[in-house]
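So the structure is just underneath, and the comments pick up after that.
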Amino acid sequence: MGAVCFWAGGRVDQQAGSGRFDALELRRQQFFTQPRHWLLTGGSGFLGQALVHRLLDAEQQVSVWSRNPAGTERLFGGRVSVFRTLDDLPDTVPLHGIINLAGAPIAGGRWSPARQQLLRDSRIALTDTLLAWLSRRTQRPEVLLSGSAIGFYGVHGDEELDEQQQGQDIFMSTLCQDWERSAEAATRLGVRLALLRTGLVLGNAGGALPAMLKPFHFGIGGRTGSGRQWLSWIHLEDWLGIVETLLATPEASGPYNLTAPEPVINAEFARTAGQVLGRPAWLPLPAWPLKLALGEMADLLLTGQRVLPRRMQSMGYRFRYPALRAALEHLLRDQEPQQP
Numbered sequence: 001m002g003a004v005c006f007w008a009g010g011r012v013d014q015q016a017g018s019g020r021f022d023a024l025e026l027r028r029q030q031f032f033t034q035p036r037h038w039l040l041t042g043g044s045g046f047l048g049q050a051l052v053h054r055l056l057d058a059e060q061q062v063s064v065w066s067r068n069p070a071g072t073e074r075l076f077g078g079r080v081s082v083f084r085t086l087d088d089l090p091d092t093v094p095l096h097g098i099i100n101l102a103g104a105p106i107a108g109g110r111w112s113p114a115r116q117q118l119l120r121d122s123r124i125a126l127t128d129t130l131l132a133w134l135s136r137r138t139q140r141p142e143v144l145l146s147g148s149a150i151g152f153y154g155v156h157g158d159e160e161l162d163e164q165q166q167g168q169d170i171f172m173s174t175l176c177q178d179w180e181r182s183a184e185a186a187t188r189l190g191v192r193l194a195l196l197r198t199g200l201v202l203g204n205a206g207g208a209l210p211a212m213l214k215p216f217h218f219g220i221g222g223r224t225g226s227g228r229q230w231l232s233w234i235h236l237e238d239w240l241g242i243v244e245t246l247l248a249t250p251e252a253s254g255p256y257n258l259t260a261p262e263p264v265i266n267a268e269f270a271r272t273a274g275q276v277l278g279r280p281a282w283l284p285l286p287a288w289p290l291k292l293a294l295g296e297m298a299d300l301l302l303t304g305q306r307v308l309p310r311r312m313q314s315m316g317y318r319f320r321y322p323a324l325r326a327a328l329e330h331l332l333r334d335q336e337p338q339q340p
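If you want it as structure tokens, here you go:
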């Protein structure tokens, strides 16, 4: 992976890491007591919105590169600066860091050639444009956090995957590999680069969770396909916590898995969701209609990956929601069982 550094190590002793956690948390808290200027791409998406609000709550200055400046300004109540083109952001304005989250949604129908090109352009071409602009800029940021996904790893069945695992020659993996490769140009510009290999982010205000739970509300929830495929998830609060930690840690570079330390198989997710919601989880969704409707994209739902966040654990990050039940109970605590 060129300039990207890979971590090597085994499992982490959580008790032994408590001192590192205290130091890490203190550094993160102190870091965000000072106002800094951050530029985001993908600021109007599920993750982008959550991060913008978190930064604003910490009294940080936020700019967003957006194709829809008026809509983005309304979205954040005029509290952010919005630029249609990067050249509208003056070189004289100091910029501490960039968080690059832009990309068309992966879910959205079959991966036709046109759809695959859109997914590539909205990630790789956009990142190429971002880095070309950065190369022309006299004042450069200290850090770039650039999006990726655990789809980087491809299909590995029950094998545990950490940041050392290489990608595969399938579309989702090559998409992520090329996206990361585009971002690596930052290191040649003297900018620290961390890559966010994000799993399924669970939040109650967007993302995939509301759609995943809808069948349960109508009493027809259940496993998908065999139910044996792994689901590597993360609570939105931990996703934000990791991003903040990576921004605040000068030594943090290379790829990081943004997933909880306790992935589950699909059947366990269905069972736990049903129990938390007080709804049945008895009706399986067969694989064949998904394959018929979604083609290659169905592999995202039917294969999955068993991904572990070993680099974040090695750093000493302590997850607020390491287990699925606690995460769902927190997210769904105000939701009453619904009648169909």
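Heads up: the sequence shown begins at 1 in full-length UniProt numbering, then just goes up one per residue.
No residue lacks a Cβ here, since even glycine has one placed at the ideal position from N, Cα and C.
All figures in this text were calculated on a predicted structure; none of them were measured in a lab.
Bridge partner(s) assigned by DSSP for residue i
i	result
Y256	L196
V264	L231
V307	L161
G221	A281
G203	G206
First and last residue of the uninterrupted beta strand (DSSP E) at residue i
i	result
A149	143 to 149
F83	81 to 83
I99	97 to 100
H37	37 to 41
Enclosing alpha helix (DSSP H) for residue i [first to last residue]
i	result
S63	Note, S63: premise wrong, no alpha helix (DSSP H); beta strand (DSSP E) at 61 to 65.
L51	46 to 57
G71	69 to 75
L130	126 to 136
P210	209 to 217
L175	171 to 183
L331	324 to 331
D299	299 to 302
L247	236 to 248
L118	113 to 120
Contact belief for residue i with residue j at Cβ below 8 Å, rounded distance in angstroms
i	j	result
L195	A186	About 10 Å separates the two Cβ atoms, so there is no contact after all.
L39	S63	5 Å
W133	L86	4 Å
S44	T127	That pair is no contact at about 17 Å.
residue 343	L231	In the structure displayed, the chain extends from 1 to 340; residue 343 sits before or after that span and is not available.
V243	L145	6 Å
L283	G222	4 Å
N257	G304	Not really, about 14 Å apart at Cβ, beyond 8 Å.
W111	S148	That belief does not hold up - the Cβ atoms of W111 and S148 are roughly 18 Å apart, past 8 Å.
R123	G103	4 Å
R137	D88	R137 to D88, Cβ: 13 Å. No contact.
T259	I234	5 Å
L24	M212	Going by Cβ atoms, the distance from L24 to M212 rounds to 31 Å, so no, they are not a contact pair.
R84	P69	5 Å
V191	R140	6 Å
G203	A50	7 Å
L189	S135	6 Å
R306	P263	5 Å
P261	F319	6 Å
Cβ of residue i within 7 Å of any chain C Cβ
i	result
Q49	Any reference to chain C falls outside this structure, which holds one protein chain only.
Exercise. Within the chosen definition, does the stretch 297 to 313 reach the stretch 158 to 172 through at least 3 CB pairs nearer than 8 Å?
Worked result: Result yes; three or more Cβ-Cβ pairs closer than 8 Å.
Exercise. Given 8 Å as the limit, is there contact between the stretch 220 to 231 and the stretch 73 to 81, that is, 3 or more CB pairs closer than that?
Worked result: Under the Cβ criterion (8 Å, minimum of three pairs), the stretch 220 to 231 does not count as touching the stretch 73 to 81.
For this session: Pair every Cβ in the stretch 238 to 250 with every Cβ in the stretch 166 to 177, then say whether three or more of these pairs are closer than 8 Å.
Result: At 8 Å Cβ cutoff, the stretches do not touch.
For this session: Check whether the stretch 229 to 239 touches the stretch 271 to 281, counting contact only when three or more Cβ pairs, one atom from each stretch, lie closer than 8 Å.
Result: Put simply, the stretch 229 to 239 does not touch the stretch 271 to 281. Fewer than three CB pairs are less than 8 Å apart.
Exercise. Within the chosen definition, does the stretch 27 to 44 reach the stretch 325 to 332 through at least 3 CB pairs nearer than 8 Å?
Worked result: Not touching, per the Cβ criterion.
Problem set entry | At least 3 beta-carbon pairs within less than 8 Å: the stretch 151 to 158 vs the stretch 109 to 121 | No, they do not touch.
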